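Quick note: the sequence shown uses the working numbering, first residue 1239, plus one each step.
Cβ coordinates follow ideal geometry from the N, Cα and C atoms, glycine included.
Given the structure is predicted, the values throughout are model-derived calculations rather than measurements.
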Amino acid sequence: MATRSGMYVRMVWLRQKAECRWCEEVVVAGTAVVRGLSWVTNDSGQKMHYLSIWHPDHWIKQGMDYLEQHPYVPKPAGPGRPRLNLPLEQRRQRRSCIVMFAKLKAEKMQTIRAGAWEWRRPELEARGYELMKRMKELGGVPRSWTA
Ligand SMILES: [Zn+2]
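This is how it looks when you write it as structure tokens:
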């Protein structure tokens, strides 16, 4: 379907009695209501308008009804994490850096357990810094790396 639609919403004093779209009760003039002006553009480009009003509480209820019918779907990249818009080759390099960093972390833990941290520390830390430097050029260092 090539139709487009939308709604302009605002709270107004009702000027003329009308039915609440949600509870179908008649609302008298002078009541604070949520007014929604929906519009739909059909295939031939005609724009149709529909005016609806709701008791403010019932505007929230119909909204919650709608949301319950359309459950939350998390973004694949995780909430709050902006999707990196890197070229494919750089994304590949970035992934390999992440793998190397994870291996380095495991190696650090092993080194600590083996009691060899003191003498291997400069080398392991240098490798960590090197990976961070490369990640900076590849879209940024993940927050978990510096925590
Ligand atoms: Zn109502």
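- Message: According to DSSP, simplified to helix, strand and coil, what is Glu1257?
- Response: strand
- Message: For Arg1358, which residues in the same chain have their Cβ closer than 6 Å to its Cβ, ignoring the five residues on either side in sequence?
- Response: Thr1349
- Taking only beta-carbon atoms, is Lys1371 less than 8 Å away from chain C? This model lacks chain C altogether, as it is built from one protein chain only.
- Can we say the region 1323-1341 touches the region 1297-1306, given the rule of at least three CB pairs closer than 8 Å? no
- Query: Going along the chain, which residues of its own chain have a beta-carbon closer than 8 Å to the beta-carbon of Cys1261, five neighbours each way excluded?
  - Reply: His1293 and His1296
- Based on Cα-Cα distance, which residue from Ile1298, Ile1336, Ser1282 and Lys1255 lies nearest to Ser1382? Ile1336
- Helix, strand or coil at Val1266 according to DSSP, with G and I counted as helix: coil
- What did DSSP end up calling Val1337 once you bin it into helix, strand or coil? helix
- Task: Give the secondary structure of Ser1382 by DSSP, where H, G and I count as helix, E and B as strand, and everything else as coil.
- Result: helix
- Message: Short of 6 Å in beta carbon distance, which residues of its chain neighbour Gly1353, apart from the five on each side in sequence? Order them along the chain.
- Response: none
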